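>
In our numbering, the protein residues as written are 6 to 357.
#1: Taking one C-beta from the stretch 96 to 116 and one from the stretch 20 to 33 each time, how about it: are there three or more such pairs within less than 8 angstroms?
#2: Which residues in the same chain have their Cβ closer than 6 angstroms to the Cβ of residue 107, if we skip the five residues on either side of it in sequence?
#3: Just how far apart, CA to CA, sit residue 330 and residue 280?
#4: Could you spell out the range, first to last residue, of the alpha helix (DSSP H) harbouring residue 195?
#5: Nearest-angstrom Cα distance between residue 326 and residue 211?
#6: Could you tell me if residue 46 is buried or exposed, where buried requires 16 or more neighbouring beta carbons within 10 angstroms of its beta carbon?
#7: Using three-state DSSP, classify residue 283 as helix, strand or coil.
#8: Do residue 63 and residue 128 count as a contact pair if the criterion is CB distance below 8 angstroms?
#9: Evaluate contact between the stretch 334 to 348 and the stretch 279 to 296, counting only Cβ atoms and requiring at least three cross-stretch pairs below 8 angstroms.
#10: Just the C-alpha distance for residue 61 and residue 96, rounded to the nearest angstrom, thanks.
#11: Buried or exposed, going by whether 16 or more other CB atoms sit within 10 Å of the CB of residue 81?
#12: Considering only residues of the same chain and omitting the five flanking positions on each side of residue 202, which have a CB-CB separation below 6 angstroms?
#13: According to DSSP, is residue 110 helix, strand or coil?
#14: Could you please give me the residues that DSSP links to residue 331 through a beta bridge?
#15: Between which two residues does the alpha helix (DSSP H) harbouring residue 78 extend?
#16: Quick check: what's the CA-CA separation for residue 261 versus residue 301?
#17: Assuming residue 78 and residue 65 are in contact, meaning their beta carbons sit under 8 angstroms apart, how far apart are those beta carbons, in whole angstroms?
#18: Could you check which residue in 284, 251, 85 and 351 has the C-alpha nearest to that of residue 304?
#19: Give the list of continuous beta strand (DSSP E) stretches no shorter than 3 residues that lie fully inside the stretch 222 to 259.
#20: Count the C-beta pairs between the stretch 183 to 198 and the stretch 84 to 98 that are closer than 8 angstroms, then say yes if the count reaches three, no if not.
#21: Say whether the stretch 267 to 275 touches the stretch 316 to 324, bearing in mind that this needs 3 or more beta-carbon pairs closer than 8 angstroms, one atom from each stretch.
#22: By a C-beta neighbour count over all protein chains shown, 10 Å radius and 16 as the cutoff for buried, is residue 28 buried or exposed?
#23: Starting from residue 175, trace the beta strand (DSSP E) in both directions and tell me its first and last residue.
#24: In whole angstroms, give me the CA-to-CA distance for residue 32 and residue 197.
#25: So, residue 231 versus residue 244, is the Cβ gap smaller than 8 angstroms?
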């Protein structure tokens with residue numbers, strides 16, 4: 006495990022329960038909570054200016070630090086809004102991107118300029134997308150270059166109050182709210198009780214009543230992985246449960262690598278397919294320029310779709326026939342109901 010991953014894992018272990026070390030940090034968390042509350046109050050009362058774009062803005066975000074599965078939900082939203090007759094565009098900070106100025110992302114954009122999540126969104130949906138740390142600048146740039154866009158989805162940015170929003174979707178995963186404390190004693194950037202329009206839980210089980218993240222009105226989202234595509238030829242597809250069986254029936258030595266915010270979620274999905282593999286967690290937004298697979302002793306290497314958009318731009322990696330991409334698709338309980346309510350709310354915002 007890399008030093009960066011080890012450090013992140015150490016903090017996550019502290020943040021998942023209330024212990025001595027987290028208790029020592031609690032006074033700082035109290036101060037952080039006061040700062041967050043004041044900042045939100047200041048924007049609400051217009052002491053700080055929020056900019057409202059001329060089209061509805063839908064935020065997909067979380068209060069738990071790290072990855073909770075926002076990008077797949079954004080992709081689902083783009084498809085959902087298109088079916089309803091909208092022409093959605095997306096804005097993103099572009100984590101891993103090197104540019105501070107707004108930039109349009111296309112299939113041909115480089116990952117170090119665009120970021121891995123934006124590249125994945127564009128490759129899956131073909132939507133208009135702009136990256137910039139400043140969400141307001143990103144939105145204005147997107148509308149100036151694509152005036153046909155009539156609704157904007159912000160991939161993350163829930164705490165970016167300078168951008169006024171019409172709809173908020175808060176996403177949690179199986180870690181819930183951790184120990185319930187805010188940074189640095191816990192993993193929360195805001196209280197789990199903060200208002201939002203919709204709550205989505207990324208996991209196999211809904212939280213029970215009494216759980217801090219439990220609300221009466223929530224939707225359960227699962228990531229389904231049932232196939233693998235060879236990186237060098239994405240038309241070459243195998244069932245995931247058969248990927249490590251050789252031509253003579255032997256079991257192929259398999260490694261699963263993930264440079265995402267919560268690699269354990271990817272590994273768990275592979276275990277659900279009853280695969281036997283060695284875990285290779287990499288730092289979130291790992292660049293892959295050093296090619297960690299070149300000297301790896303493995304017959305099969307499984308990677309995420311998010312990592313695949315970067316690996317596909319590195320010839321030494323894309324030509325390695327051992328590497329297979331595991332696509333994931335979103336399944337949501339009461340999918341039709343969530344679609345209906347989101348579309349209805351977005352239409353109300355468009356008419357307001």
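Built from N, CA and C at the ideal position, the CB exists for glycine as well. Computed from a prediction, not measured in an experiment: that's the story for all the values here.
If we stick to the structure as given:
#1: With the cut-off at 8 angstroms, the stretch 96 to 116 and the stretch 20 to 33 do not touch.
#2: Listed in chain order, the non-local C-beta contacts of residue 107 below 6 angstroms within the same chain comprise 135, 137, 142, 143 and 146, local neighbours out to five positions each way being set aside.
#3: Roughly 15 angstroms between the two C-alpha positions.
#4: Counted as a single uninterrupted DSSP element, the stretch harbouring residue 195 is not any alpha helix (DSSP H), since DSSP gives it neither H nor E.
#5: C-alpha of residue 326 to C-alpha of residue 211: approximately 39 angstroms in a straight line.
#6: Result: exposed.
#7: Shown here, residue 283 sits in a strand according to DSSP, grouped into three states.
#8: One thing to note: residue 128 has its Cβ no nearer than 8 angstroms to the Cβ of residue 63.
#9: At 8 angstroms Cβ cutoff, the stretches do not touch.
#10: Roughly 13 angstroms separates the two Cα atoms.
#11: Its Cβ being crowded by 16 or more others within 10 Å, residue 81 is buried.
#12: In chain order, 172 and 173 place their CB closer than 6 angstroms to the CB of residue 202, counting only its own chain and leaving out the 5 sequence neighbours on each side.
#13: DSSP places residue 110 outside both helix and strand once states are collapsed to three, so it counts as coil.
#14: According to DSSP, residue pairing for residue 331 in a beta bridge involves 309.
#15: Annotation: the continuous alpha helix (DSSP H) that includes residue 78 extends over 75 to 88.
#16: Using only the alpha carbons, I get a separation of about 11 angstroms.
#17: Correct: roughly 6 angstroms between the Cβ atoms.
#18: Per the Cα distances, 251.
#19: Runs found: 223 to 229, 232 to 235 and 238 to 244.
#20: They do not touch, by the three-pair rule.
#21: The answer is no - the stretch 316 to 324 does not touch the stretch 267 to 275, with fewer than three Cβ pairs under 8 angstroms.
#22: So residue 28 counts as exposed.
#23: From DSSP, the beta strand (DSSP E) with residue 175 extends over 172 to 178.
#24: Here the C-alpha atom of residue 32 lies approximately 19 angstroms from the C-alpha atom of residue 197.
#25: Between residue 231 and residue 244, the C-beta spacing is below 8 angstroms.
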